[in-house]
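2 protein chains.
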Amino acid sequence: METELSRRLGVEHAVFGFTPFPAVAAAITRAGGFGVLGAVRYSAPDELRRDLEWMQRHTGGGPYGVDVVMPAAMARPEEPAGDAADGAGTDLEARIEALIPEGHREFVRATLARYGVPDPAPGEASGWRITGWLDQVARSQLDVVFDYPVRLLANALGAPPADVLRRAHDHRVPVAALAGSARHARRHQAAGVDIVVAQGYEAGGHTGEIASMVLTPEVVRAVDPLPVLAAGGIGTGEQIAAALALGAQGVWLGSVWLTTREAELHSRALTRKLLAAGSGDTVRSRALTGKPARQLRTAWTDAWDAADSPDPLPMPLQGLLVADAVSRIQRYEVEPLLGTPVGQVVGLMTEERPVQAVFDDLTRGFERAIDRLNRVAGRVT
Amino acid sequence: METELSRRLGVEHAVFGFTPFPAVAAAITRAGGFGVLGAVRYSAPDELRRDLEWMQRHTGGGPYGVDVVMPAAMARPEEPAGDAADGAGTDLEARIEALIPEGHREFVRATLARYGVPDPAPGEASGWRITGWLDQVARSQLDVVFDYPVRLLANALGAPPADVLRRAHDHRVPVAALAGSARHARRHQAAGVDIVVAQGYEAGGHTGEIASMVLTPEVVRAVDPLPVLAAGGIGTGEQIAAALALGAQGVWLGSVWLTTREAELHSRALTRKLLAAGSGDTVRSRALTGKPARQLRTAWTDAWDAADSPDPLPMPLQGLLVADAVSRIQRYEVEPLLGTPVGQVVGLMTEERPVQAVFDDLTRGFERAIDRLNRVAGRVT
Numbered sequence: 001m002e003t004e005l006s007r008r009l010g011v012e013h014a015v016f017g018f019t020p021f022p023a024v025a026a027a028i029t030r031a032g033g034f035g036v037l038g039a040v041r042y043s044a045p046d047e048l049r050r051d052l053e054w055m056q057r058h059t060g061g062g063p064y065g066v067d068v069v070m071p072a073a074m075a076r077p078e079e080p081a082g083d084a085a086d087g088a089g090t091d092l093e094a095r096i097e098a099l100i101p102e103g104h105r106e107f108v109r110a111t112l113a114r115y116g117v118p119d120p121a122p123g124e125a126s127g128w129r130i131t132g133w134l135d136q137v138a139r140s141q142l143d144v145v146f147d148y149p150v151r152l153l154a155n156a157l158g159a160p161p162a163d164v165l166r167r168a169h170d171h172r173v174p175v176a177a178l179a180g181s182a183r184h185a186r187r188h189q190a191a192g193v194d195i196v197v198a199q200g201y202e203a204g205g206h207t208g209e210i211a212s213m214v215l216t217p218e219v220v221r222a223v224d225p226l227p228v229l230a231a232g233g234i235g236t237g238e239q240i241a242a243a244l245a246l247g248a249q250g251v252w253l254g255s256v257w258l259t260t261r262e263a264e265l266h267s268r269a270l271t272r273k274l275l276a277a278g279s280g281d282t283v284r285s286r287a288l289t290g291k292p293a294r295q296l297r298t299a300w301t302d303a304w305d306a307a308d309s310p311d312p313l314p315m316p317l318q319g320l321l322v323a324d325a326v327s328r329i330q331r332y333e334v335e336p337l338l339g340t341p342v343g344q345v346v347g348l349m350t351e352e353r354p355v356q357a358v359f360d361d362l363t364r365g366f367e368r369a370i371d372r373l374n375r376v377a378g379r380v381t
Numbered sequence: 001m002e003t004e005l006s007r008r009l010g011v012e013h014a015v016f017g018f019t020p021f022p023a024v025a026a027a028i029t030r031a032g033g034f035g036v037l038g039a040v041r042y043s044a045p046d047e048l049r050r051d052l053e054w055m056q057r058h059t060g061g062g063p064y065g066v067d068v069v070m071p072a073a074m075a076r077p078e079e080p081a082g083d084a085a086d087g088a089g090t091d092l093e094a095r096i097e098a099l100i101p102e103g104h105r106e107f108v109r110a111t112l113a114r115y116g117v118p119d120p121a122p123g124e125a126s127g128w129r130i131t132g133w134l135d136q137v138a139r140s141q142l143d144v145v146f147d148y149p150v151r152l153l154a155n156a157l158g159a160p161p162a163d164v165l166r167r168a169h170d171h172r173v174p175v176a177a178l179a180g181s182a183r184h185a186r187r188h189q190a191a192g193v194d195i196v197v198a199q200g201y202e203a204g205g206h207t208g209e210i211a212s213m214v215l216t217p218e219v220v221r222a223v224d225p226l227p228v229l230a231a232g233g234i235g236t237g238e239q240i241a242a243a244l245a246l247g248a249q250g251v252w253l254g255s256v257w258l259t260t261r262e263a264e265l266h267s268r269a270l271t272r273k274l275l276a277a278g279s280g281d282t283v284r285s286r287a288l289t290g291k292p293a294r295q296l297r298t299a300w301t302d303a304w305d306a307a308d309s310p311d312p313l314p315m316p317l318q319g320l321l322v323a324d325a326v327s328r329i330q331r332y333e334v335e336p337l338l339g340t341p342v343g344q345v346v347g348l349m350t351e352e353r354p355v356q357a358v359f360d361d362l363t364r365g366f367e368r369a370i371d372r373l374n375r376v377a378g379r380v381t
């Protein structure tokens with residue numbers, strides 16, 4: 001699967017694999033794809049450094065990238081990155097936490113209590129905090145990222161702030177930004193983004209309402225000649241062929257890696273839920289981050305969707321509000337509440353396999369689809 | 001675009017065009033596709049007969065079909081089709097109308113009044129009644145349909161009742177049924193349906209929540225070896241190539257024909273709205289029929305979606321409740337309220353063109369997509 005973009009980025013197959021797990025990202029690159037490490041869960045830059053160091057040694061010289069989460073609107077380049085550089089961002093976090101209404105905190109407590117989620121042990125720190133989208137944290141991550149020969153900087157929330165774009169381009173690193181509509185995509189293009197990831201309705205994580213079949217060609221047309229990666233609903237080689245037929249220069253896959261052997265979900269119960277889920281078992285909900293994000297439908301998302309529940313708070317408040325709760329749900333594997341961002345392709349994920357096996361299926365399925373299309377078109381090859 | 005199914009049905013291209021307009025259906029067949037006439041708007045069998053008569057003379061011997069709307073659950077084959085055969089179904093309609101709450105009628109009146117929709121003239125009959133999904137009406141339509149050499153009977157609401165299936169098969173007419181999930185599709189297969197139309201989230205009209213990119217391959221796998229047509233999000237040849245890459249044996253297009261020259265929308269204002277709408281200007285709403293159906297987002301759908309509005313009634317009550325209102329909105333072209341079922345591809349519909357021109361674009365775009373995919377796959381053809 002060779003496109004203009006894949007040639008430019010020096011990758012064998014135009015398959016970009018987004019994952020929060022370094023072992024998965026490295027395996028994707030080794031398989032001939034482009035591994036992209038999601039940085040949002042790293043609140044300490046040193047941990048990100050450790051993992052990039054590891055990836056650099058385990059990608060066999062192949063290309064890889066990093067995905068940060070930077071809302072352009074939150075950019076405050078003039079503020080000192082002080083404690084964020086120490087790895088916590090706690091000061092800013094405390095100021096933001098003060099904006100969370102007590103009624104929302106009570107709702108979280110009550111929901112956890114209803115499902116018997118154990119209280120944190122005294123002095124127990126949250127194992128999982130979504131602080132990566134706090135501007136200062138994201139900036140401290142970038143200080144680390146540019147110490148490594150990354151070949152792509154992606155931003156899940158659209159165009160990064162202008163100074164970040166400049167910095168990436170100074171390092172000759174192309175920047176990709178996710179878009180859920182042609183309008184978003186044009187805005188990213190105007191901001192100077194190099195690659196647009198068209199994130200369809202069926203995708204896991206933050207997503208809009210336009211499905212990939214319509215969104216991909218619309219974004220391709222809107223930002224021409226910028227290259228577009230199709231994201232959302234892609235987990236087989238046939239789906240890759242479909243996305244490329246729609247004009248994408250490559251595909252961006254996230255969900256399918258969650259059930260690979262290399263994924264470090266640290267929860268057998270969650271892996272079992274993912275393997276059992278059908279395509280109809282996800283929901284677009286604001287319960288996790290404050291913005292609509294597709295995820296497994298669980299008792300947790302149902303609780304937030306109930307008629308008498310409080311409205312989820314705007315990003316980043318909702319993420320801070322639920323961080324401890326999500327961490328405890330995961331730690332104690334409280335099954336009814338246990339979830340994760342994942343797309344509608346979860347229905348295709350029915351067995352745990354090594355990344356290489358998944359990748360081999362992608363390339364084989366792609367070739368099968370091309371054979372089939374040539375037959376339909378009356379071109380015997 | 002030749003598949004096993006297109007060969008079996010004797011059609012040049014595996015492109016099925018669904019439309020309520022005989023002139024459009026006939027033009028699709030003449031262009032080398034398979035025109036399917038939607039019968040839901042015919043309450044009088046004689047009108048359907050007149051239009052099928054016309055189609056028979058204007059399809060040049062090419063294959064065409066009819067789409068009825070029969071909820072399997074409403075099947076009452078033992079009831080006499082009495083007044084329905086006379087063309088109205090008014091008796092049953094009256095009994096059903098009695099189930100509509102007065103509060104809902106008042107909401108409709110108030111909404112129409114707010115937008116200045118004129119009252120009906122004394123004695124003016126509704127020009128548009130969705131009575132086609134009343135079982136008796138659908139059955140009286142079938143009496144007409146089987147007098148013509150139709151090559152396909154489709155049912156927009158799933159598998160038709162068993163006796164209808166038998167009747168179609170006695171006439172050697174294959175039956176297609178729309179499905180929004182693999183579970184629906186398997187149910188249709190078990191009922192004896194011959195072709196499944198996988199109707200993705202992005203489609204116009206009644207639709208589920210699984211997008212085409214995921215739904216199509218899932219349904220293909222679920223009902224193998226039954227042939228599957230992909231519906232939802234398809235308006236270009238590139239999208240046809242994508243759908244066929246996903247394993248479909250053909251595509252089912254509805255929205256794109258609405259802005260063809262041959263379409264008899266009888267409303268310049270509605271045509272203008274369709275040509276101006278973007279992919280984000282549709283909504284899945286129960287306001288029109290009682291089941292979620294994608295349509296243009298209008299002040300009418302917004303009114304029903306407002307927090308203090310009554311919940312839409314179940315099918316067929318909602319359709320009967322709003323039939324007169326929709327008819328008056330269309331007749332008087334009350335622009336803010338004016339809408340129609342249409343899919344997210346409405347964003348691609350930017351000029352009024354003859355069916356033949358649309359069809360030529362489909363075949364050209366398909367060939368372009370195949371060329372491109374062969375280049376990506378490293379197969380120079």
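Top to bottom, those sequences are chains H and P.
Using the working numbering, read the first sequence as starting at 1 and increasing by one per residue.
Using the working numbering, read the second sequence as starting at 1 and increasing by one per residue.
In this text, a Cβ means the ideal position worked out from N, Cα and C, and glycines have one as well.
Computed from a prediction, not measured in an experiment: that's the story for all the values here.
Cβ-Cβ distance between residue i and residue j below 8 Å
i, j, result
"H/T19", "H/W252", "no"
"H/V117", "H/V66", "no"
"P/G200", "H/A211", "yes"
"H/S267", "H/E351", "no"
"H/V228", "H/V214", "no"
"P/L288", "P/I100", "no"
"H/A25", "H/V36", "yes"
"P/A243", "P/H206", "no"
"P/S255", "P/V342", "yes"
"H/E262", "H/V193", "no"
Chain H within 8 Å of residue i, Cβ atoms only
i, result
"P/V326", "no"
"P/I100", "no"
"P/M349", "no"
"P/L5", "no"
"P/N374", "yes"
"P/R364", "no"
"P/L253", "no"
"P/L153", "no"
"P/G17", "no"
"P/P225", "no"
"P/T271", "no"
"P/M213", "yes"
"P/E2", "yes"
Interface flag, residue i vs chain P, CB-CB below 8 Å
i, result
"H/S285", "no"
"H/I28", "no"
"H/A113", "no"
"H/A293", "no"
"H/A179", "no"
"H/A369", "yes"
"H/Q239", "yes"
"H/E78", "With a pLDDT of only 44 at H/E78, under 50, the local geometry of the prediction cannot be trusted, and the value read off the model is given with reservation. No - not a single Cβ of chain P is within 8 Å of the one on H/E78."
"H/L405", "Here chain H has residues from 1 to 381 only, and residue 405 of chain H is not among them."
Reduced DSSP category for residue i - H, G, I as helix; E, B as strand; rest coil
i, result
"P/A230", "strand"
"P/P336", "helix"
"H/D406", "With chain H represented from 1 up to 381, any question about residue 406 of chain H goes unanswered, as that position is not in the structure."
"P/G38", "strand"
"P/T384", "Here chain P covers residues 1 to 381 and nothing more, so residue 384 of chain P does not appear."
"H/P118", "coil"
"P/V380", "coil"
Indicate whether the contact test is met: 3 or more Cβ pairs, each with one atom in the stretch 29 to 47 of chain P and one in the stretch 262 to 279 of chain P, closer than 8 Å. Between the stretch 29 to 47 of chain P and the stretch 262 to 279 of chain P there are fewer than three inter-stretch CB-CB distances shorter than 8 Å, so the stretches are not counted as touching.
Query - Complete alpha helix (DSSP H) runs within the stretch 133 to 202 of chain H (minimum length 4 residues, chain order) - result: Taking 4 residues as the shortest admissible run, the stretch 133 to 202 of chain H contains the following complete alpha helix (DSSP H) segments, listed from N- to C-terminal end: 135 to 145, 162 to 170, 182 to 191.
Margin query: For the structure I just gave you, are there three or more beta carbon pairs, one from the stretch 190 to 209 of chain P and one from the stretch 224 to 235 of chain P, closer than 8 Å?
Written below: Contact holds: three or more Cβ-Cβ distances are below 8 Å.
Please determine if the stretch 174 to 193 of chain P and the stretch 314 to 326 of chain P are in contact, where contact requires at least 3 C-beta pairs separated by less than 8 Å. A contact between stretches requires three or more CB pairs, one per stretch, nearer than 8 Å, and the stretch 174 to 193 of chain P fails this requirement with the stretch 314 to 326 of chain P.
Check whether the stretch 357 to 371 of chain P and the stretch 293 to 305 of chain P touch, using three or more Cβ-Cβ pairs below 8 Å as the test.
Judged by pairs of C-beta atoms under 8 Å, the stretch 357 to 371 of chain P does not touch the stretch 293 to 305 of chain P, as fewer than three such pairs exist.
Do three or more CB pairs link the stretch 157 to 165 of chain H to the stretch 48 to 67 of chain H at distances below 8 Å?
Using a C-beta cut-off of 8 Å, the stretch 157 to 165 of chain H makes no contact with the stretch 48 to 67 of chain H, since fewer than three inter-stretch Cβ pairs fall below that distance.
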